[in-house]
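Protein chains: 4
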Amino acid sequence: MGIEFRSDVTVELVRANASDADVVFAARVSTVGEQSLEDVDADPQRSVGLINYLMRDRHGSPFEHNSMTFFVKAPIFVWREHMRHRIASYNEESARYRELLPVFYVPSHERPLVQSGKPGAYEFHPGTPAQSELVERTIQESCTAAYSGYLEMLEAGVAREVARMVLPVTIYSSAYVTMNARALMNFLSLRRKVEGSYFVSYPQREIEMVAEVYEDHFAQLMPLTHSAFNEHGRVAP
Amino acid sequence: MGIEFRSDVTVELVRANASDADVVFAARVSTVGEQSLEDVDADPQRSVGLINYLMRDRHGSPFEHNSMTFFVKAPIFVWREHMRHRIASYNEESARYRELLPVFYVPSHERPLVQSGKPGAYEFHPGTPAQSELVERTIQESCTAAYSGYLEMLEAGVAREVARMVLPVTIYSSAYVTMNARALMNFLSLRRKVEGSYFVSYPQREIEMVAEVYEDHFAQLMPLTHSAFNEHGRVAP
Amino acid sequence: MGIEFRSDVTVELVRANASDADVVFAARVSTVGEQSLEDVDADPQRSVGLINYLMRDRHGSPFEHNSMTFFVKAPIFVWREHMRHRIASYNEESARYRELLPVFYVPSHERPLVQSGKPGAYEFHPGTPAQSELVERTIQESCTAAYSGYLEMLEAGVAREVARMVLPVTIYSSAYVTMNARALMNFLSLRRKVEGSYFVSYPQREIEMVAEVYEDHFAQLMPLTHSAFNEHGRVAP
Amino acid sequence: MGIEFRSDVTVELVRANASDADVVFAARVSTVGEQSLEDVDADPQRSVGLINYLMRDRHGSPFEHNSMTFFVKAPIFVWREHMRHRIASYNEESARYRELLPVFYVPSHERPLVQSGKPGAYEFHPGTPAQSELVERTIQESCTAAYSGYLEMLEAGVAREVARMVLPVTIYSSAYVTMNARALMNFLSLRRKVEGSYFVSYPQREIEMVAEVYEDHFAQLMPLTHSAFNEHGRVAP
């Protein structure tokens, strides 16, 4: 049945309509009446200053007039966290409409497996070789057995929406995700743990892997906005 | 390990601040300037008329000044659909913070197991005894094995957020859900299939079971609003 | 002081990332597993069919992965209605940061001035010449006097945010507005009165003028989506 | 015509379903699996600790399962700012459905009238007696003349939605406003200027007057949440 185990996530930028210039344009309409557009264009330093000012004083709306659409493949337990972010648009693969493929996430050997500390502030540490081996073997056996049961039910004519009940949350699912820069910064502030952040976050490693690729694309599309975000404690405006 | 299989969902109304009178009050502020509050109170028929008018002409905002909080236990595949409704507040049990209990959903014998028809408009039919038996046995065996692997990893010191990867989407999870009447009507219009609806929906049976209890509470709390919703094609205003 | 009276609104499409193909792509991820992308491209009729199906059965999320940004000049009383639409992004000219220009809206001679009928379902009729003349003269005199008081206070050193208190709601203000197609269809369903709509709306003429230009751009950018919207009662999915 | 000039705003708490205990309950479902409800009740200090932890680490969702409904009378220029807050429900008096009353806001003698400093960080200073007198006289004359024109048009049979175009943004309007605690804290963080806030805000005085009464009610209903909000830089979680 060609079962596959992977330790990564896929994040592709499908389409974007997002640039620092859009932020400056939108802000000029509302906040910076005295400044003329020609001045902004002529003097990039003023754009830097304006974007920094907007970020620092939480004028968030100029960061909304843009959009980024990603195609993401990630395990279901990541999607469960991702979709708690309500200021975003989602179209996820439906296990009611299609048969899910046998692709499952299993932690890589670098992924810390052991937690310590208090709820809400767990620290993670590498597992022992025995723990690593146990995790890998248990996930592989469990997923293989579950997918086999899934196929057996489908072959017996059971509806997809019923058969899928046995599938584990580590199976991969795909979705389109569209966010604007303001929503994305909020996502990044909660789903990455970065030194120097005003708020400390404790994201699960697997959603952080998605967040890292989002952030790379964001930094390329909107470098001034991204810098300002970092300079002001990674707090979404 | 005391594994449990159930075929129901739990929906309790925890708290509500919701009545038809609130709708009338809110509407009076904006839309019905000529009518005095005393008149409304003195004449219940006018409240009926006003609420019907608001529903029919889609003046939706008067239906937002209220809230209903539910405590719900349902399988994860139901939560996955539920949380696509973004105009709602959620606090769900976290498998990162606590060990999930071994309680799993398995379809009852009445639950249709076989689908026919085109995508987006599936019809469902009862399974044969052999299909029923297969579904029940496969889910029970698969969940038992998965939970056993989960426990084994926990006992070996693996972090909860890693061990849970093997758990199937049919395991139960609990959450607090808060919605206002407008959001709830939208939920009901999409998650129940009711004769006479202007739009036809094809909800999965298990989320419909949640929707049914929501609707019972809603009908008791806001009977005039609920009637108007039904009379106007079950379209959320 | 160069006061200006106008009877129109300005709506420019600043930027768009919106096409029917995006809808089809997003829908394919979730709802139409069986259909391959090559098929869709090869057969435009299938795109038509898919978009119609999504609209009819209210699969709304595929219509969210796009964005349209408009630059709009309209009187403040229009903005007051516009900003009740919360699924949109706004950056409006701020009278705290800049001096507003003396440009005011006055109804054209074609604009019906007299209402009849019940609240919520007013009908509008042309005014008599005397009524037209009264409206034009009163608005012009009142705006001229108010703006003169505004300037006098500014020249005396009074803060802009205080001086603006005398300005009438018919003064023009500018804003950036960004919406996706789903939000825009909701706006159009409420802010235009079109024969054949499932729901009857009674928008004020001036916001309808904005809606008309939005709709022209939308129809050009996403012709299949726009057609499906019209064919299915102009109800946003 | 009984014209009235006032220098205050009216904010009444109409209805609330909001307490610190609700926050603790909701949080327990998701984040604090190890703690039993009896423990929480038995030990108020643990509630304090939990709420502080949620606020500090921005676990915002437990603060959403509650609602507060206010009836507010404020000038239109305040409503224009207020309604930029999209996570809230509004029903405002409609000048299309009813004749607005001649009640206008005029700054009190204590209200600073002169601004200095840079855009986005204006400082405000008391006006001279001459400035005060000019503001008061100009607003009174301008509003009186505008309202007189409004009445004249209404009496001539002109539709309310047209006649209202001359009314100034300092006229009072009423609305129902419903928010949950999370949305309210965001409002307060932006619409009050309080020492010790992590972010500095520069709200217009008149919306700050509304925010002050909101905060008084909030502090009474949810004292632990309010304290935690203040202790953690008045940043909404």
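Here the protein sequences line up with chains D, G, W and C, keeping their order.
Heads up, the first sequence is in the working numbering, so the first residue is 765 and it goes up one at a time.
Heads up, the second sequence is in the working numbering, so the first residue is 765 and it goes up one at a time.
Heads up, the third sequence is in the working numbering, so the first residue is 765 and it goes up one at a time.
Heads up, the fourth sequence is in the working numbering, so the first residue is 765 and it goes up one at a time.
Note that CB positions come from ideal geometry on N, CA and C, so glycine has one too.
Are the C-beta atoms of residue 934(G) and some chain A residue less than 8 Å apart? Absent here is chain A; the protein component of the structure consists of chains D, G, W and C.
Using alpha carbons as the reference points, say which of 912(W), 897(W) and 876(W) lies closest to residue 889(W). The shortest Cα separation from residue 889(W) among 912(W), 897(W) and 876(W) belongs to 876(W).
Starting from the Cα of residue 779(G), find the closest Cα among 991(G), 813(G), 943(G) and 959(G) and give me that residue. 943(G)
Residue 797(G) at chain C interface by Cβ criterion, 8 Å: Confidence at residue 797(G) is low in this model, with a pLDDT of 47, below 50, so the placement of that residue should be treated as unreliable; the coordinate-derived value is given next. Residue 797(G) counts as touching chain C.
Is the beta carbon of residue 948(W) closer than 8 Å to that of residue 920(C)? Going by C-beta atoms, residue 920(C) is not nearer than 8 Å to residue 948(W).
Short check: CB of residue 965(W) to CB of residue 953(W), under 8 Å? yes
Nearest residue (CA-CA) to residue 845(G), options 859(D), 838(D), 879(D) and 851(D): It is 859(D) whose Cα lies nearest to the Cα of residue 845(G).
To the nearest angstrom, how far is the alpha carbon of residue 853(D) from that of residue 886(G)? 25 Å
Strictly below 7 Å CB to CB, what residues from chain D border residue 775(W)? Within chain D, no residue comes near residue 775(W); the closest Cβ sits about 14 Å away, beyond 7 Å.
Return the chain-ordered list of same chain residues with a C-beta closer than 6 Å to the C-beta of residue 768(G), the five sequence neighbours on each side being excluded. 867
Taking just the CA atoms, how far does residue 855(D) sit from residue 963(W)? So the alpha carbons of these two residues sit roughly 28 Å apart.
Taking residue 856(D) as part of the alpha helix (DSSP H), name the residues at either end of that continuous run. No alpha helix (DSSP H) contains residue 856(D), which is instead part of the beta strand (DSSP E) from 853–856.
Under the three-state DSSP convention, the category residue 840(D) falls into: helix
Distance cutoff 8 Å, beta carbons only. Does residue 925(W) sit that close to anything in chain D? no
Of the residues 959(C), 823(C) and 950(C), the one placed nearest residue 848(C), counting alpha carbons only: 950(C)
Can you tell me where the alpha helix (DSSP H) holding residue 978(D) begins and where it ends? Per DSSP, residue 978(D) belongs to the alpha helix (DSSP H) from 969–985.
In whole angstroms, what separates the C-alpha of residue 983(W) from that of residue 828(D)? One C-alpha to the other measures close to 23 Å.
Return the CA-CA distance between residue 878(D) and residue 893(D), expressed in angstroms with no decimal places. 12 Å
Give the single residue among 933(G), 908(G), 791(G) and 967(G) whose Cα lies nearest to the Cα of residue 841(D). 933(G)
From 958(W), 817(W), 865(W) and 987(W), residue whose alpha carbon lies closest to that of residue 766(W): 865(W)
Run the CB neighbour count on residue 988(G), radius 10 Å, all protein chains shown included, and call it buried at 16 or more, exposed below. buried
How big is the Cα-Cα spacing for residue 817(G) and residue 850(D)? 31 Å
Could you compute how far the alpha carbon of residue 774(C) sits from the alpha carbon of residue 835(C)? 8 Å
Short Cβ contact (8 Å threshold) for residue 771(D) with residue 861(D): no
For residue 808(C) and chain W, any beta-carbon pair shorter than 8 Å? Under the Cβ distance rule, residue 808(C) does not count among the residues neighbouring chain W, no pair being separated by less than 8 Å.
Taking Cβ-Cβ distances shorter than 8 Å, what residues in chain W pair up with residue 906(C)? 909, 910, 913 and 930
For the candidate residues 809(G), 872(G) and 924(G), whose alpha-carbon lies nearest to that of residue 880(D)? 924(G)
Should residue 837(C) be labelled buried (16 or more other beta-carbon atoms within 10 Å of its own) or exposed? buried
Proximity to residue 968(D) [Cα-Cα], best of 961(D), 978(D), 956(D) and 977(D): The shortest C-alpha to C-alpha distance from residue 968(D) to any of 961(D), 978(D), 956(D) and 977(D) is the one to 956(D).
Coarse secondary structure for residue 849(D), derived from DSSP in three states: coil
Closest by CA to residue 794(W), which one among 936(D), 815(D) and 857(D)? 857(D)
Closer than 8 Å between beta carbons: that is the criterion. Which residues of the segment 817–847 of chain W meet it against chain D? Hits within the stretch, in order: 825, 826, 828, 829, 830, 831, 833 and 835.
Can you tell me whether residue 960(G) is buried or exposed? The criterion is at least 16 other CB atoms within 10 Å of its CB, across all chains shown. exposed
Report yes if the C-beta distance between residue 1001(D) and residue 832(D) is below 8 Å; otherwise report no. no
Outcome for residue 784(D) when other beta-carbon atoms lying within 10 angstroms are tallied against a minimum of 16: Burial is judged here by how many other beta carbons sit within 10 angstroms of a residue's own beta carbon; residue 784(D) has at least 16 and is buried.
Go ahead and pull the three-state DSSP assignment for residue 959(W). coil
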